[in-house]
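Just so you know, numbering that gives the first Met the number 0 puts 2 at position 3 of the sequence shown, and the rest follows in order with no gaps.
Taking it in order: structure first as structure tokens, then the write-up.
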Amino acid sequence: MTALTVTTKNWVRTVTMDRPESLNSFNADMIDELCHSFLDAASDDSVRVLVLTGAGRAFSAGADLKSMGTAPDPSKKDLR
0 MTALTVTTKN WVRTVTMDRP ESLNSFNADM IDELCHSFLD AASDDSVRVL VLTGAGRAFS
60 AGADLKSMGT APDPSKKDLR
């Protein structure tokens, strides 16, 4: 399931968090997709502006506490 919608018009890339049913709360899949989307935009010379927005009535509720019951994937590196 894709948690993001990404569009590019002229030199503006818009990344929309698309989980309105959970108020765009962050789960592991969304975090992974956001990281990939940001890295892709950073490496694309035609993108000068990145807009991050949320679908529905909220930008983001923060962490998806329902998905935190599982242990983190040890193969994922720390993204600080």
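Virtual Cβ for every residue (Gly too), placed ideally from N, Cα, C.
Euclidean distance between Cα positions of residue 45 and residue 10: One-based indexing of the sequence shown puts residue 45 at position 46. One-based indexing of the sequence shown puts residue 10 at position 11. Residue 45 and residue 10: Cα-Cα distance of roughly 6 Å.
Same chain, Cβ closer than 8 Å to residue 59, neighbours up to 5 away in sequence not counted: Locating residue 59 in the sequence shown gives position 60, counting from the first residue. The residues are 16, 22, 23, 24, 25, 53.
Range covered by the alpha helix (DSSP H) that runs through residue 33: Reading the sequence shown from its first residue, position 34 is the one you call residue 33. Its alpha helix (DSSP H) spans residues 27 to 42.
Where the beta strand (DSSP E) through residue 8 begins and ends: Translated into positions along the sequence shown, residue 8 becomes position 9. Unbroken beta strand (DSSP E) run through residue 8: 3 to 8.
Closest residue to residue 1 among 13, 31, 43 (Cα-Cα distance): Translated into the one-based positions of the sequence shown, residue 1 becomes position 2. Considering only alpha carbons, the answer is 31.
Reduced DSSP category for residue 61 - H, G, I as helix; E, B as strand; rest coil: In the sequence shown, residue 61 corresponds to position 62, counting from 1. Looking at residue 61 - three-state DSSP - the assignment turns out to be coil, as it is neither helix nor strand.
Reduced DSSP secondary structure (H/G/I, E/B, other) of residue 96: It is not possible to answer for residue 96, since the shown part of the chain is limited to 0 through 79.
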